[in-house]
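*Asks:* Sending over a structure as structure tokens; questions will come in a sec.
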Amino acid sequence: MSVVLPRAALAPGQNGAVAGAPHDMVPRSDALAAAPAVTTGTPLIRLRGVTKRYGTGQAELMALKGIDLDITAGEFVAIMGPSGSGKSTAMNILGCLDTPSAGQYLFHGAHVEALSRDQRARLRRRFLGFVFQGFNLLARTSAQENVELPLLYRGESAAVRHASAAKALQSVGLGGWEHHTPSELSGGQQQRVAIARAIVTEPAVVLADEPTGNLDTQRSREIMELLRALNVDHGITVLMVTHEADMAAYARRVVRFVDGRIDSDTPNQRPVSPDSPAVPAGKP
Ligand SMILES: Nc1ncnc2c1ncn2[C@@H]1O[C@H](COP(=O)(O)OP(=O)(O)O)[C@@H](O)[C@H]1O
Ligand SMILES: [Mg+2]
Numbered sequence: 001m002s003v004v005l006p007r008a009a010l011a012p013g014q015n016g017a018v019a020g021a022p023h024d025m026v027p028r029s030d031a032l033a034a035a036p037a038v039t040t041g042t043p044l045i046r047l048r049g050v051t052k053r054y055g056t057g058q059a060e061l062m063a064l065k066g067i068d069l070d071i072t073a074g075e076f077v078a079i080m081g082p083s084g085s086g087k088s089t090a091m092n093i094l095g096c097l098d099t100p101s102a103g104q105y106l107f108h109g110a111h112v113e114a115l116s117r118d119q120r121a122r123l124r125r126r127f128l129g130f131v132f133q134g135f136n137l138l139a140r141t142s143a144q145e146n147v148e149l150p151l152l153y154r155g156e157s158a159a160v161r162h163a164s165a166a167k168a169l170q171s172v173g174l175g176g177w178e179h180h181t182p183s184e185l186s187g188g189q190q191q192r193v194a195i196a197r198a199i200v201t202e203p204a205v206v207l208a209d210e211p212t213g214n215l216d217t218q219r220s221r222e223i224m225e226l227l228r229a230l231n232v233d234h235g236i237t238v239l240m241v242t243h244e245a246d247m248a249a250y251a252r253r254v255v256r257f258v259d260g261r262i263d264s265d266t267p268n269q270r271p272v273s274p275d276s277p278a279v280p281a282g283k284p
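Numbering (this note's numbering), first residue to last: 1 to 284.
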């Protein structure tokens, strides 16, 4: 399945770089007015001593106990680990949906932990795309309208929204399905709509929390193939949580969480690709 991104701004990245970076990546103007200047060569994402505490007193729980993590533009990282080890908590912080209790989160040199809620929302809309296990599409709303939504929040005109969403749906293999609602689509198709929604804004980073958790093997592989293409062909940085080694095998780096800490961080020299040897018998 080939992926054609909506507009030209995300030209295929050399060395995985996002087109236009670093200048285009520098959080500009009102989005991050308080952001310090960016130094070239800075990792796209840097966590330092990040902790997350939920609850207080007897109910207190340290979901993250001090995370250090650097991610360079163009990486494809799988985050693995047992249930409750802090993967989703870390993803929510990385996705600017939540803030650390302590520590630093630098996004392209900008201190996210120091941003206001509003500034974080703008950073999110400008640079990040999200894919969730449960698809999180609006019911009784067409695929086209679901994909247009992030552009609506951005204040794009109807014409731009329409054209960009149609192209994004085309790029995930759903041309012709624009007017179907989620209930008229299979799980795999719904997740592809969600991916179209994630990439319609041409994000620098796609964050996917167990994107294949609700899908069978064949559908999972199609989703992984899409994520791989976004990463390899378009230089989008992909951060993905998965329980399944088969899915993590598509990533070029595997970070394993255990009990709120990073337990291991390993490169994958041979990520799955269309050129990989045939998968073992019994697996489509
Ligand atoms: N909003 C919350 N309030 C209280 N505890 C939470 C909250 N979210 C997560 N936790 C707890 O934090 C720990 C890590 O959760 P989570 O990040 O969801 O783990 P994972 O995604 O690895 O399964 C778990 O013990 C979980 O119960
Ligand atoms: Mg989780």
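Beta carbons are placed, not taken as given, at the ideal position from N, Cα and C, and that holds for glycine.
Buried or exposed: which applies to Ala139, given that a residue is buried once 16 or more other Cβ atoms fall within 10 Å of its Cβ?
*Replies:* Ala139 comes out exposed.
*Asks:* Quick check: does the Cβ of Ser88 come within less than 7 Å of any heavy atom belonging to ligand 1?
*Replies:* Correct: Ser88 has its Cβ closer than 7 Å to ligand 1.
*Asks:* What are the start and end residues of the beta strand (DSSP E) that includes Leu169?
*Replies:* Where Leu169 is concerned, there is no enclosing beta strand (DSSP E), although the alpha helix (DSSP H) it sits in stretches over 158 to 171.
*Asks:* Where does Leu94 land, buried or exposed, given buried means 16+ other C-beta within 10 angstroms?
*Replies:* Its Cβ being crowded by 16 or more others within 10 Å, Leu94 is buried.
*Asks:* Quick one: what does DSSP say Gly103 is sitting in, helix, strand or coil?
*Replies:* In the structure shown, Gly103 sits in a strand (DSSP, three-state: E or B).
*Asks:* Is the beta carbon of Met80 sitting closer than 8 Å to the one on Thr242?
*Replies:* It is a contact, given that the beta carbons lie within the stated cut-off.
*Asks:* Does DSSP put Phe127 in a helix, a strand or coil?
*Replies:* Of the three classes helix, strand and coil, the one that applies to Phe127 here is helix, per DSSP.
*Asks:* Starting from the N-terminal side, write out each stretch of the beta strand (DSSP E) that is 3 residues or longer and does not extend beyond the stretch 187 to 259.
*Replies:* 205 to 209, 237 to 241, 253 to 258, all fully within the stretch 187 to 259.
*Asks:* Which residues does DSSP pair with Ser264 in a beta bridge?
*Replies:* Beta-bridge pairing links Ser264 to Arg256.
*Asks:* Please tell me whether Gln144 and Ala166 are closer than 8 Å, where the distance is taken between their beta carbons.
*Replies:* Against a cut-off of 8 Å, the Cβ pair of Ala166 and Gln144 comes out as a contact.
*Asks:* Using 8 Å as the threshold, is the C-beta distance between Thr51 and Leu64 below it?
*Replies:* For Thr51 and Leu64, yes; Cβs fall inside 8 Å.
*Asks:* Quick one: what does DSSP say Thr332 is sitting in, helix, strand or coil?
*Replies:* Outside the modelled stretch of the chain, which goes from 1 to 284, sits residue 332, for which no answer is possible.
*Asks:* How about Val206 and Gly129: do their beta carbons lie closer than 8 Å?
*Replies:* Yes, they are a contact pair.
*Asks:* Is Ser83 near ligand 1 - that is, is its Cβ less than 7 Å away from at least one heavy atom of it?
*Replies:* Ser83 Cβ: within cutoff of ligand 1.
*Asks:* What's the C-alpha gap between Ala251 and Gly187?
*Replies:* So the alpha carbons of these two residues sit roughly 22 Å apart.
*Asks:* By DSSP, does Asp118 sit in helix, in strand, or in coil?
*Replies:* Helix at Asp118.
*Asks:* Would you please state the rounded distance, in angstroms, between the beta carbons of Gly218 and Phe135? I believe it to be under 8 Å.
*Replies:* In the sequence as displayed, the identity of residue 218 is Gln instead of Gly. Contact doesn't hold; Cβ gap of about 17 Å is too wide.
*Asks:* Please report how far the alpha carbon of Leu215 lies from the alpha carbon of Gln189, in whole angstroms.
*Replies:* Cα-Cα distance, rounded: 10 Å.
*Asks:* Helix, strand or coil for Leu151, going by three-state DSSP, please let me know.
*Replies:* Reduced to three states, the DSSP call for Leu151 is helix.
*Asks:* Hey, would you say the C-beta of Asp209 is under 7 Å away from at least one heavy atom of ligand 2?
*Replies:* Within the cutoff, so yes.
*Asks:* Ignore the nearest five residues each way along the sequence and tell me which others in Pro267's own chain have a CB closer than 6 Å to its CB.
*Replies:* So the qualifying residues of the chain are Arg253.
*Asks:* Report the three-state DSSP secondary structure of Leu97 (helix, strand or coil).
*Replies:* Residue state, collapsed to three classes: coil.
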